[in-house]
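Single-structure report; data block below.
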């Protein structure tokens, strides 16, 4: 393995280990937080959908995720799965 391949692989592993989708950040979520506060904590969501002032955004993937439901701009409820 060349040095450049090793460096690239190391960077990928470090980025995966630095995921913001974890139990520590999940514990910081609170009802009433704004979307801006949640995105400051978790980064940009993987996907969002909604209608009529209610929306849902998800961070992560099928195995490990945090899902946040908003009423307007404020957290209504949230859930998580596979968090470490």
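Residue numbers (mature numbering (1 follows the signal peptide of the UniProt record, and there is no 0)): -16 to -1, 1 to 68.
Just so it is clear, CB atoms sit at the ideal spot from N, CA and C, and this is done for glycine as well.
Nonlocal neighbours in the same chain, by C-beta distance under 8 Å from residue i, ignoring five residues either side
i: residue 34; result: 40 and 54
i: residue 6; result: 67 and 68
i: residue 10; result: 50, 62, 64 and 67
i: residue 32; result: 39, 40, 41 and 42
i: residue 37; result: 55 and 56
Contact check, residue i vs residue j, beta carbons under 8 Å
i: residue 59; j: residue 26; result: no
i: residue 66; j: residue 48; result: yes
i: residue 44; j: residue 30; result: yes
i: residue 57; j: residue 4; result: no
Three-state secondary structure (DSSP) of residue i
i: residue 25; result: helix
i: residue 68; result: coil
Counterpart residues of residue i in DSSP-defined beta bridges
i: residue 8; result: The partner list for residue 8 (beta bridge, DSSP) is empty, contrary to what the question assumes.
i: residue 63; result: 51
i: residue 30; result: Looking at the DSSP assignment, residue 30 forms no beta bridge with any residue, so it has no partner.
Straight-line gap, residue i to residue j (C-alpha atoms, nearest Å)
i: residue 24; j: residue 63; result: 18 Å
i: residue 46; j: residue 8; result: 19 Å
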